[in-house]
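Take the sequence shown: its position 315, counting from 1, is numbered 295 in this note's numbering, and each next residue is one higher. Cβ coordinates follow ideal geometry from the N, Cα and C atoms, glycine included. All figures in this text were calculated on a predicted structure; none of them were measured in a lab. Okay, so here's the structure we're looking at.
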Amino acid sequence: MSKPFVFEKPMGMRDTLPLLYQVKQQVRQVMEQEIKGWGYQFIQTPTLEYYDTVGEASAILDQQLFKLLDSEGKTLVLRPDMTAPIARVVSSSMKNVSYPIRLAYDSAVFRSQQREGGRPAEFEQVGVELIGDGTSSADAEVIALMVSALSKAGLDEFKVAVGHIGFLNELFLEVLGNAERAEELLRFLYEKNYVGYASHVKNLALSSIDKKRLLDLLQLRGSEEILEEAKQIAAAGGQKAVADLQELFSILEMYGVKDKVFLDFTLFSHMSYYTGIVFEGYTKELGFPLCSGGRYDQLLDEFGRSAQAIGFGIRLDYLIEALDVKEPVNPRTCIVFSPERRKEAIVKSRELREKGKSAVVQDISGVGNVDEYSGRFEEVIYYIGKPVKGEVK
-19 MSKPFVFEKP MGMRDTLPLL YQVKQQVRQV MEQEIKGWGY QFIQTPTLEY YDTVGEASAI
41 LDQQLFKLLD SEGKTLVLRP DMTAPIARVV SSSMKNVSYP IRLAYDSAVF RSQQREGGRP
101 AEFEQVGVEL IGDGTSSADA EVIALMVSAL SKAGLDEFKV AVGHIGFLNE LFLEVLGNAE
161 RAEELLRFLY EKNYVGYASH VKNLALSSID KKRLLDLLQL RGSEEILEEA KQIAAAGGQK
221 AVADLQELFS ILEMYGVKDK VFLDFTLFSH MSYYTGIVFE GYTKELGFPL CSGGRYDQLL
281 DEFGRSAQAI GFGIRLDYLI EALDVKEPVN PRTCIVFSPE RRKEAIVKSR ELREKGKSAV
341 VQDISGVGNV DEYSGRFEEV IYYIGKPVKG EVK
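Spelled out as structure tokens, the structure:
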């Protein structure tokens, strides 16, 4: 007994049909052109990486990694993000290239999903990494480039929230005393469960002053005016984070993108390698971030070449969803012919293609339902029967 055909895809995997592929290609090309215009160079890394290096260095949970064994018994992973692979490249193949280094990518990444999650296990990211520059100028450049890339792609209504991991870590360590207790509050912030956060703080054995500092943190979201309020609750070690953000906003104003950015001191990322500035991009069409990034000044240490660095990644599928593009971006013409007029059809198709148009040449005897088939095209030209002038439908 033969096995039945299985049409289901592996969990979390998706097909990209022609129209969506065209839209993605168009958006991707626009963003790539903008990124290149800022002097970033695109690279490609292998789909498979060693678990002991890139797998462990990535900030993705171990249970989300796709693992397999090679012929020598070494554990491999499908790349779960692009930051760790690029850190590997900079520390190996590009070890003789002096800092700073500006690299970009357009690659698929893979993260295993739970059945009830309904999220893709494979998705494409377009992003950059600025490695070897720890200045606020670098922070501002990367954020401004992300804003510019989104705008060039056609996204108009969006905002970028900016926070600072160092501010949170210093505050929680000073008030709570250890990283374990801080971890609980950080989890609430990552989940954006502000009610749970407030309830947890109220039940902590802390002085009223310290409880107020932790609760006031929830109000630190808005324009740069809240920087003065942030100074009031910041830990001693967190004052530098406030100063960094203040300088960042002054530079973003020079780039002309300050109106797209707002402060959110509650912002916390699951990417454990982030050490400073973090940011996320939002649009009203989506209830979740479509892009994110941050500063990671210690990740390169794990690959033996220290460097301060910052980068961002834009989820191409989320961006397409926010853009809500429905119209064909590459209109096609179909030339339907009967055998005796094949040459005319081929000549016509060549003329159209030389003008930059997309042309399909179709033998009418190979079509079952001509009306249904011709409905797929923006223009149909017929070369049927005796040689006469072609009709345009």
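Exposed or buried, A37, counting other C-beta atoms within 10 Å across all chains shown (16 or more means buried)? Label assigned to A37: buried.
Whole runs of the beta strand (DSSP E) within the segment 130 to 202, excluding any shorter than 3 residues: 138 to 144
On the DSSP bridge assignment, give the partners of I364 in chain order. Under DSSP, no beta-bridge partner is assigned to I364.
Taking the C-alpha atoms as reference points, what is the distance between P(-2) and F317? 24 Å
Can you tell me whether I300 is helix, strand or coil according to DSSP? helix
Residues in the same chain with beta-carbon distance under 6 Å from I364, minus the five sequence neighbours each way, listed in chain order, please. S318
Which one or two residues does DSSP pair with R374 in a beta bridge? Any question about residue 374 goes unanswered here, given that the chain covers just -19 to 373.
For P60, which residues of its own chain have a beta-carbon under 7 Å away from its beta-carbon, when the five flanking residues on both sides are left out? S38, I40, Q44, L45, V89, F90 and R91
Going by the beta-carbon positions, is the gap between R82 and G17 smaller than 7 Å? no
Whose C-alpha, out of K182, R201, R193 and E160, is nearest the C-alpha of K172? Among K182, R201, R193 and E160, the Cα nearest to that of K172 is on R201.
Secondary structure of T(-4), DSSP reduced to three states: coil
Starting from the N-terminal side, write out each stretch of the beta strand (DSSP E) that is 3 residues or longer and does not extend beyond the segment 305 to 331. 312 to 317
Would you kindly work out how many angstroms separate the C-alpha atoms of V155 and M251, rounded to a whole number? 23 Å
Which whole-angstrom value describes the C-beta separation of L296 and R8, a residue pair presumed to lie in contact below a C-beta threshold of 8 Å? Contact between L296 and R8 holds, since their C-beta atoms are separated by about 7 Å, short of 8 Å.
Compute the beta-carbon to beta-carbon distance between I361 and K328, rounded to the nearest angstrom, for a pair I have assumed lies under 8 Å. Right, the Cβ-Cβ distance comes to about 7 Å (below 8 Å), so this counts as a contact.
Is DSSP giving E359 helix, strand or coil here? In the structure shown, E359 sits in a strand (DSSP, three-state: E or B).
If I follow the unbroken beta strand (DSSP E) through T55, where does it start and stop? T55 to L58
Quick check: what's the CA-CA separation for P80 versus K139? 28 Å
Can you tell which of D244, T246 and G274 has its C-alpha closest to the C-alpha of G256? G274
Where G267 and Q342 are concerned, what is the direct C-alpha to C-alpha distance, given to the nearest angstrom? Approximately 45 Å between the Cα atoms of the pair.
Cβ shell of R68 (< 7 Å), same chain only, five flanking positions each side left out: T33, V34 and F283
What do you get for T(-4), buried or exposed, if any count of 16 or more other CB atoms within 10 angstroms of its CB means buried? exposed
Please state the DSSP three-state secondary structure of Q93. coil
If you draw a straight line from the alpha carbon of L148 to that of A223, how long is it in whole angstroms? 14 Å
Return the CA-CA distance between V305 and G261, expressed in angstroms with no decimal places. 19 Å
Beta-carbon within less than 6 Å of E265's beta-carbon, same chain only, minus the 5 sequence neighbours each way: which residues are those? A302
Among Y353, H144, F242 and N158, which residue has its Cα nearest to the Cα of Y253? Taking only the C-alpha atoms, the option nearest Y253 is H144.
Taking Cβ positions, are I292 and G112 nearer each other than 7 Å? Per the sequence shown, residue 292 should be read as Phe rather than Ile. No, these two residues do not count as a Cβ contact at 7 Å.
By DSSP's criteria, E102 is part of a beta bridge. Which residues make up the other side? Residue pairing from DSSP places E102 in a beta bridge opposite F90.
A221, DSSP secondary structure in three states: helix
For I189, count the other beta carbons within 10 Å of its own beta carbon; 16 or more makes it buried, fewer makes it exposed. Which is it? Under this definition I189 is an exposed residue.
Are I123 and F259 touching if we call contact CB-CB under 7 Å? yes
S71: first and last residue of the uninterrupted beta strand (DSSP E) it sits in: Segment T63 to S71 is the alpha helix (DSSP H) holding S71; no beta strand (DSSP E) there.
Contact belief for L195 with H180 at Cβ below 8 Å, rounded distance in angstroms: Rounded, the Cβ-Cβ distance is 11 Å, inconsistent with contact.
Given a cut-off of 7 Å, decide if A101 and M(-7) are closer than it, judged by their beta-carbon atoms. yes
For D119, which residues from the same chain have a beta carbon less than 7 Å from its beta carbon, with the 5 sequence-adjacent residues on both sides left out? If we look at D119 and ignore the five residues flanking it on each side, its Cβ neighbours are L228, I257, R275 and I290.
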